[in-house]
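*Asks:* Position 445 of the sequence shown, counted from 1, bears residue number 445 in UniProt numbering, the numbering being contiguous throughout.
Ideal Cβ placement from N, Cα and C applies to all residues, glycine included.
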Amino acid sequence: MSLDVHDIGGAPVIIGAGVAGLMTALHLAPEPVVLLSNAGLGTGACSELAQGGLAASVGGEDSPELHLCDTLAAGDGLCDVTTVRRTVRAAPEAIRTLERFGVAFDRRADGALRLGLEAAHSQRRIVHAAGDATGRELVRALIAAARRTASITILENVEARRLVVEDGAIIAVVAAGCTGAIALPTRRAVLATGGIGGLFSDTTNPPGSCGQGLALAACAGAEFADLEFVQFHPTALEGPRRPMPLVSEAVRGEGAVLVDEHGERFLAETPGGELAPRDVVARAVWHQLAAGRRVFLDARQCLGLRFDKRFPAIADLCRQAGIDPATDPIPVRPAAHYHMGGVAVDAAGRSSIEGLWACGEVACTGLHGANRLASNSLIEAAVTASWVAESVADVSHTRRPRVCSAFVPRRPDASGIRPIVSAALGIIRDGETLRDGVATLLPIAAHDGAASDPALVALMIAIAALRREESRGSHCRSDFPGRDADARQSRLTLPSAIQTAVALSWRAPMRSTLT
């Protein structure tokens with residue numbers, strides 16, 4: 001396939017147009033940037049679906065130190081303390097920056113920010129916008145700001161397919177759109193592609209969130225950290241709709257309780273109850289479902305008829321499913337929601353590849369550790385976008401338009417591997433199922449097909465999960481239920497993952513002949 005080479009004058013290319021990508025582009029202004037959105041702007045991004053808000057210590061009795069302690073406790077020993085401290089201290093200013101970009105946060109009658117409470121937070125510090133539609137309001141405001149900014153060139157319905165690397169450094173982004181394949185020569189690329197929920201059958205993420213940013217980084221040779229840690233949100237609305245509608249943790253923050261089909265509250269004896277860390281609550285719900293019981297979120301006593309006013313978007317989603325949350329308990333189940341692991345980056349968002357940065361969910365900064373604290377994701381995207389933009393702006397660049405490789409992979413499609421990923425990488429894992437998943441995913445990843453890139457990402461996550469022979473945070477191994485005394489971050493590259501997968505697949509036939 002021939003490539004149409006677009007001379008962009010060495011401008012940085014930002015891949016992804018959610019909160020992380022949009023804010024990075026805005027912070028780089030007035031330097032010219034090219035922003036790629038694989039769908040129409042404002043569609044297809046996880047950011048838009050976010051109901052929860054942004055965690056920031058803006059309340060009178062709150063402080064960055066309290067936010068730090070809560071984040072470290074949820075992260076189960078794997079947070080990078082320096083990163084957490086820097087992020088929580090920057091969070092209040094990020095809220096003010098978002099307001100300058102046009103975000104209208106919810107306020108009380110006296111003008112103060114209305115603050116919500118979510119799981120594992122010791123204070124009310126969740127800043128919302130448009131009630132339970134925070135993500136939609138953030139994306140709306142940031143898109144409007146980006147469209148007003150002359151230095152930002154927005155390419156909609158254009159999907160990055162490969163990063164071209166020469167001598168260990170980025171030299172171009174290869175992308176594909178409605179008119180064919182293009183090459184964008186650049187020595188500065190920023191991944192802001194979101195998460196991996198689309199690899200799972202039950203997920204709150206759009207189906208296109210299947211780890212394409214991780215695939216781009218992997219094929220470029222980047223290093224990854226903590227890929228095994230996948231967070232399952234405990235309360236997705238049970239039903240056939242995909243992505244699964246989220247019943248925000250803020251509902252439990254207002255007093256809603258989880259009950260089984262007999263109305264029995266099964267988290268009453270758990271420390272923190274319904275507001276325990278997400279991994280604890282998700283496993284508790286999973287055990288109920290595995291035992292054949294249904295699970296409901298009951299907000300009738302705490303909210304009742306006030307549910308509509310407090311959570312209008314969730315109330316509408318419930319009614320579409322034939323449920324009135326004021327009078328009916330809401331059927332829920334866990335769903336893949338957020339990836340704590342990702343491209344290993346430093347304090348400035350730089351990856352191990354020269355000229356490649358990562359920002360938002362696709363990056364692993366060390367903020368979340370083994371289990372993300374609720375509402376720390378949007379604030380991480382907002383805070384780190386400024387750090388990434390500053391780093392990108394400080395790097396000198398040369399203008400070298402050139403013809404790149406003509407190889408353009410097919411558009412990724414994860415539909416065929418979702419059952420494999422869901423079975424191997426669910427809430428409770430075990431070595432045998434993980435090894436079976438690796439053996440099934442390896443030939444798919446090696447084949448040049450639409451499922452290859454998603455399978456490659458899932459394969460790396462499965463190898464990371466196999467290597468972590470303990471249970472910590474969101475990673476729970478039934479065959480290794482204990483928690484190691486020493487917390488350690490995992491590191492992985494694509495070649496090392498493939499090498500391990502090939503060795504496992506080679507040994508598997510030998511095991512079967514010996515039994």
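1) Classify residue 279 as helix, strand or coil using the three-state DSSP reduction.
2) Tell me, to the nearest whole angstrom, how far the beta carbon of residue 120 is from that of residue 275; I am working on the premise that it is less than 8 Å.
3) My assumption, with CB atoms under 8 Å, is that residue 424 sits in contact with residue 436. Please give the rounded CB distance.
4) Using alpha carbons as the reference points, say which of 124, 195, 60, 24 lies closest to residue 341.
5) Could you spell out where the alpha helix (DSSP H) holding residue 70 opens and where it closes?
6) Could you spell out the range, first to last residue, of the beta strand (DSSP E) harbouring residue 107?
7) Taking Cβ to Cβ, would you say residue 331 is nearer than 7 Å to residue 296?
8) Please determine, among 441, 387, 476, the residue with the shortest C-alpha to C-alpha distance to residue 429.
9) Below 8 Å, how does it come out for the segment 52 to 61 and the segment 107 to 116: are there three or more Cβ pairs, yes or no?
10) On the premise that residue 230 lies in contact with residue 339, defined as a C-beta separation below 8 Å, what is that separation, rounded to the nearest angstrom?
11) Inspect the CB distances between the segment 366 to 381 and the segment 15 to 34 and report whether three or more fall short of 8 Å.
12) Can you say whether residue 512 is buried or exposed, counting buried as having 16 or more other CB atoms within 10 angstroms of its CB?
13) Within a Cβ cutoff of 7 Å, which residues of the same chain sit near residue 492, ignoring the five residues on either side of it in sequence?
14) To the nearest angstrom, how far is it from the Cα of residue 528 to the Cα of residue 377?
15) Nearest by alpha-carbon distance to residue 503: which of 439, 209, 260 is it?
16) Mapping the DSSP letters down to three states, classify residue 181 as helix, strand or coil.
17) Report yes if the CB atom of residue 74 is closer than 7 Å to the CB atom of residue 267, and no otherwise.
18) Do the segment 118 to 136 and the segment 316 to 330 touch if we need at least three Cβ pairs shorter than 8 Å?
19) The alpha helix (DSSP H) with residue 525 in it runs from where to where?
20) Across the segment 233 to 247 and the segment 282 to 297, are there enough close Cβ pairs to call them in contact, namely three or more that are closer than 8 Å?
21) Can you list, in chain order, the stretches of the alpha helix (DSSP H) that have 4 or more residues and sit fully within the segment 247 to 317?
22) Tell me the rounded alpha-carbon separation between residue 128 and residue 309.
23) Since residue 331 is in the beta strand (DSSP E), which residue starts that stretch and which ends it?
24) Quick test of the definition: if touching needs 3 or more C-beta pairs under 8 Å, does the segment 143 to 162 touch the segment 24 to 36?
25) If you run the structure through DSSP and keep just helix, strand and coil, what is residue 128?
26) Compare the Cα-Cα distances from residue 65 to each of 393, 52, 82, 222 and report the closest residue.
27) Going by the C-beta, is residue 450 closer than 6 Å to any heavy atom of the ligand MN?
28) With burial defined as no fewer than 16 other Cβ atoms inside 10 Å of the residue's Cβ, what is the status of residue 333: buried or exposed?
29) Sort 370, 488, 416 by Cα distance to residue 201 and report the nearest one.
30) Going by beta-carbon coordinates alone, are residue 355 and residue 388 separated by less than 7 Å?
31) Do you know how far the Cα of residue 234 is from the Cα of residue 473?
32) Rank 254, 478, 42 by C-alpha distance to the C-alpha of residue 287 and give the top, closest one.
33) Tell me whether residue 499 sits in a helix, a strand or coil according to DSSP, three-state version.
*Replies:* If we stick to the structure as given:
1) Translated into the one-based positions of the sequence shown, residue 279 becomes position 279. The three-state secondary structure of residue 279, taken from DSSP, is helix.
2) Position 120 of the sequence shown, counted from the first residue, corresponds to residue 120. Position 275 of the sequence shown, counted from the first residue, corresponds to residue 275. Confirmed, Cβ separation roughly 7 Å.
3) Start at 1 with the first residue of the sequence shown, and residue 424 comes out as number 424. Start at 1 with the first residue of the sequence shown, and residue 436 comes out as number 436. Approximately 7 Å separates the beta-carbon atoms of residue 424 and residue 436; this is inside 8 Å, confirming the contact.
4) To locate residue 341, count along the sequence shown from 1; it is residue 341. In terms of Cα proximity to residue 341, the closest of 124, 195, 60, 24 is 195.
5) The residue given as residue 70 occupies position 70 in the sequence shown. Note, residue 70: alpha helix (DSSP H), 64 to 74.
6) Within the sequence shown, the letter at position 107 stands for residue 107. Neither: residue 107 is in no beta strand (DSSP E) and is coded neither H nor E.
7) In the sequence shown, the residue the question calls residue 331 occupies position 331. In the sequence shown, the residue the question calls residue 296 occupies position 296. Closer than 7 Å, so yes.
8) Residue mapping note: residue 429 aligns to position 429 of the sequence shown, counting from 1. The closest CA to that of residue 429, considering only 441, 387, 476, is found on 476.
9) With a cut-off of 8 Å on Cβ pairs, the segment 52 to 61 is in contact with the segment 107 to 116, counting three or more such pairs.
10) Position 339 of the sequence shown holds residue 339. Position 230 of the sequence shown holds residue 230. About 6 Å; that satisfies the 8 Å criterion.
11) Result yes; three or more Cβ-Cβ pairs closer than 8 Å.
12) By 1-based counting over the sequence shown, the position of residue 512 is 512. Reliability fails at residue 512, whose pLDDT of 41 lies under 50, so the model's placement of it is uncertain and the value that follows must be treated cautiously. Classification of residue 512: exposed, given that the 10 Å Cβ count is below 16.
13) Walking along the sequence shown from the start, residue 492 turns up at place 492. 224, 227, 460, 463, 464.
14) Because the chain is modelled from 1 through 515, residue 528 falls outside the range shown and cannot be assessed.
15) Here residue 503 refers to the residue found at position 503 when the sequence shown is read from its first residue. Comparing Cα positions, the closest option is 439.
16) Residue numbering aside, residue 181 sits at position 181 when the sequence shown is read from its first letter. Residue state, collapsed to three classes: strand.
17) Here residue 74 corresponds to residue number 74 of the sequence shown, with the count starting at 1. Here residue 267 corresponds to residue number 267 of the sequence shown, with the count starting at 1. No, Cβ-Cβ distance for residue 74 and residue 267 is not below 7 Å.
18) With the cut-off at 8 Å, the segment 118 to 136 and the segment 316 to 330 do not touch.
19) With the chain covering only 1 through 515, there is no way to say anything about residue 525.
20) Result yes; three or more Cβ-Cβ pairs closer than 8 Å.
21) List check, alpha helix (DSSP H) in window: 249 to 253, 278 to 290, 307 to 310.
22) Translated into the one-based positions of the sequence shown, residue 128 becomes position 128. Translated into the one-based positions of the sequence shown, residue 309 becomes position 309. Here the alpha carbons of residue 309 and residue 128 stand approximately 14 Å from one another.
23) Locating residue 331 in the sequence shown gives position 331, where the first residue counts as 1. Taken as a continuous stretch (DSSP letters only), the beta strand (DSSP E) holding residue 331 covers 330 to 339.
24) They touch, by the three-pair rule.
25) Here residue 128 refers to the residue found at position 128 when the sequence shown is read from its first residue. Here DSSP, grouped into helix, strand and coil, assigns residue 128 to coil.
26) Within the sequence shown, numbered from 1, the residue matching residue 65 stands at position 65. Across the set 393, 52, 82, 222, the C-alpha of 82 shows the shortest separation from the C-alpha of residue 65.
27) Of ligands this structure carries none, so the ligand MN is not represented either.
28) Counting from 1 along the sequence shown, the entry for residue 333 is found at position 333. Answer is buried; the Cβ neighbour count reaches 16.
29) Taking the sequence shown and counting its residues from 1, one reaches residue 201 at position 201. When each option's Cα is compared against that of residue 201, the closest is 416.
30) By 1-based counting over the sequence shown, the position of residue 355 is 355. By 1-based counting over the sequence shown, the position of residue 388 is 388. For the pair residue 355 and residue 388, the CB atoms are not nearer than the 7 Å cut-off.
31) One-based indexing of the sequence shown puts residue 473 at position 473. One-based indexing of the sequence shown puts residue 234 at position 234. Taking the straight line joining both Cα atoms gives about 14 Å.
32) As a first step, residue 287 is located in the sequence shown; it is residue number 287 there, counting from the start. Checked all of 254, 478, 42; the closest Cα to residue 287 is 478.
33) For the purposes of this step, residue 499 is taken as residue 499 along the sequence shown, with counting starting at 1. Helix at residue 499.
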